[in-house]
Amino acid sequence: MRLTNFDMDALRTFATGIDLGSFTRAAARLGRSTSAVSAQLKKLEDQAGARLVEKVGRGLVPTPNGELLLSYARRILALNDEAVEALRGADLHGWVRLGLQEDFGAALLPRVLGRFARSHPKVQIEGRIGRNSELISKISSGELDLAIAWAGDEILPFARHVADVPMCWLGADNGETFATVAGSGDTVALAALEAPCLFRTIACDSLDRQGRSWRLSFASPGLAGLGAAVSAGLGITVRTPIGLPAGVKVLEAEAHGLPVLPGIGLQLLRGSENIGRTGEYLASILLEALQEILPAGSDVGSSVGPKGPGGRA
38 MRLTNFDMDA LRTFATGIDL GSFTRAAARL GRSTSAVSAQ LKKLEDQAGA
88 RLVEKVGRGL VPTPNGELLL SYARRILALN DEAVEALRGA DLHGWVRLGL
138 QEDFGAALLP RVLGRFARSH PKVQIEGRIG RNSELISKIS SGELDLAIAW
188 AGDEILPFAR HVADVPMCWL GADNGETFAT VAGSGDTVAL AALEAPCLFR
238 TIACDSLDRQ GRSWRLSFAS PGLAGLGAAV SAGLGITVRT PIGLPAGVKV
288 LEAEAHGLPV LPGIGLQLLR GSENIGRTGE YLASILLEAL QEILPAGSDV
338 GSSVGPKGPG GRA
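Numbering-wise (the numbering used here), the sequence shown opens with residue 38 and increments by one.
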């Protein structure tokens, strides 16, 4: 029996399109034309001998065969990428101290650090999950080599802009939030992280400029508590669409009479100009992974857009 070898580029296009919810966005993300993406999808269906996607409404969703292949595709691509990383950095060794915003912990820890550790067992990674003020302080004092943080008013010498990420209002996905504590025209119940916090300040300033009354209904030291409060309907909050907790959904600002929010800059911080070959390699992998998980509407690689005040995010 003749074996079929799936085309790796076609598998990546297929998985990216499903993950982004759009093959048009996949084309932009992968740097290909929409016609090339269509051709790759057709080639993959020919190799699979089955339809992989079907049109539902204005979009494409995987068929049962597509869902089956998608599961394999993700594992194949992950193993391929891990093999490439291992070969490119076969002699990497040393110590890297990395800080991540809470928003990115769940997405980047398994996607990047687990794979990196398996590929480069001689490299020791010291990881820290924290808020902006802590990460910036430790980068400034030399206690961290790399950090992923939101851009505030701080001017850091070795910061690299990654993207402008859309901010959004978040509420309980059961639809009870506005009916109970933040009805149209009523005082908005606002849940937020403890001050100082970039997103909290932006939320308050945006509501003040709109002339909308608000009250702080819940304050939390971390994202876990904030997510629980929002999902319970105690209030609404402002974050990005990255890493949404269970029971929380994005609220359309105009539909709920809320102010439209600006974007927020995301940056890769370095503790010094020279972080070594191992640090540089980890930084490049982080940047690639960030582009994969950034939500639609993120302005990748442009100059920093509107900023909020500095502080904890």
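Glycine residues also receive a C-beta, built at the ideal position from the N, C-alpha and C atoms.
Three CB pairs or more closer than 8 Å across the stretch 172-188 and the stretch 307-321
Contact check between the stretch 172-188 and the stretch 307-321: three or more CB pairs, one atom from each, fall below 8 Å, which counts as touching.
With burial defined as no fewer than 16 other Cβ atoms inside 10 Å of the residue's Cβ, what is the status of Asp223: buried or exposed?
The sequence position of residue 223 within the sequence shown is 186, counting from 1. The residue is exposed, with fewer than 16 neighbouring Cβ atoms inside 10 Å.
The beta strand (DSSP E) enclosing Gly164, as first and last residue numbers:
Position 127 of the sequence shown, counted from the first residue, corresponds to residue 164. For Gly164, the enclosing beta strand (DSSP E) stretches over residues Val160 to Gly167.
Three-state secondary structure (DSSP) of Val341
For this step, residue 341 is matched to residue 304 along the sequence shown. Any answer about Val341 is weak, because its pLDDT of 33 lies below 50 and its placement is not dependable; what the coordinates show is given next. Val341: coil per DSSP, three-state reduction.
How should Pro258 be labelled, buried or exposed, when 16 other C-beta atoms within 10 angstroms of its C-beta is the threshold for buried?
Residue mapping note: residue 258 aligns to position 221 of the sequence shown, counting from 1. Around the beta carbon of Pro258, fewer than 16 other beta carbons lie within 10 angstroms, which makes this residue exposed.
Local Cβ density within 10 Å of Val199, reported as buried at 16 or more and exposed below that
Counted from its first residue, the sequence shown places residue 199 at position 162. Counting the other Cβ atoms within 10 Å of the Cβ of Val199 gives 16 or more, which makes it buried.
Run through the DSSP bridge pairs and tell me what Leu230 is partnered with.
Taking the first residue of the sequence shown as position 1, residue 230 is located at position 193. Paired residue(s): Ser257.
Determine whether the beta carbon atoms of Pro296 and Gln247 lie at a separation below 7 Å.
If you number the sequence shown from 1, residue 296 lands on position 259. If you number the sequence shown from 1, residue 247 lands on position 210. Cβ distance < 7 Å, so Pro296 and Gln247 count as in contact.
Rounded to whole angstroms, what's the CA-CA distance from Gly272 to Leu298? Just pull it up for me.
The count along the sequence shown starts at 1 and reaches residue 272 at position 235. The count along the sequence shown starts at 1 and reaches residue 298 at position 261. C-alpha separation (whole angstroms): 17 Å.
Spell out the partners DSSP gives Lys92 in its beta bridges.
Against the sequence shown, residue 92 aligns to sequence position 55. For Lys92, which the question treats as bridged, DSSP gives the partners Leu97.
Would you mind working out which of Ile301, Thr61 and Gln84 sits nearest Asp44, comparing C-alpha positions?
Position 7 of the sequence shown, counted from the start, is the residue given in the question as residue 44. Asp44 has its Cα closest to that of Gln84, out of Ile301, Thr61 and Gln84.
Given Arg21, which residues of its chain have a CB within under 6 Å of its CB, disregarding the five upstream and five downstream residues?
The shown model of the chain, from 38 to 350, leaves out residue 21, and the question about it has no answer.
Same chain only: Cβ atoms within 7 Å of Leu106, ignoring 5 sequence neighbours per side
On the sequence shown, position 69 is the one that residue 106 refers to. Once the five neighbours on either side are set aside, the close Cβ partners of Leu106 are Ala85 and Leu89.
Is there a Cβ of chain C sitting closer than 7 Å to that of Leu323, yes or no?
Absence of chain C from the displayed structure is noted, only one protein chain being present.
What is the DSSP secondary structure of Glu306, counted as helix, strand or coil?
Within the sequence shown, numbered from 1, the residue matching residue 306 stands at position 269. Looking at the sequence itself, residue 306 is Leu, so the reference to Glu does not match. It is a strand residue.
Three or more C-beta pairs below 8 Å linking the stretch 233-249 and the stretch 134-152
No, the stretch 233-249 does not touch the stretch 134-152.
Excluding sequence positions up to five away, which residues of its chain have a Cβ less than 7 Å from the Cβ of Ala351?
With the chain covering 38 to 350 only, the question about residue 351 has no answer from this structure.
Sorted by chain position, which residues of the same chain lie with C-beta nearer than 8 Å to Leu67's C-beta, five sequence neighbours on each side aside?
In the sequence shown, the residue the question calls residue 67 occupies position 30. If we look at Leu67 and ignore the five residues flanking it on each side, its Cβ neighbours are Arg49, Thr50, Thr53 and Val74.
Tell me the DSSP bridge mates of Pro203?
Translated into positions along the sequence shown, residue 203 becomes position 166. Answer by DSSP bridge pairing, in chain order: Gly300.
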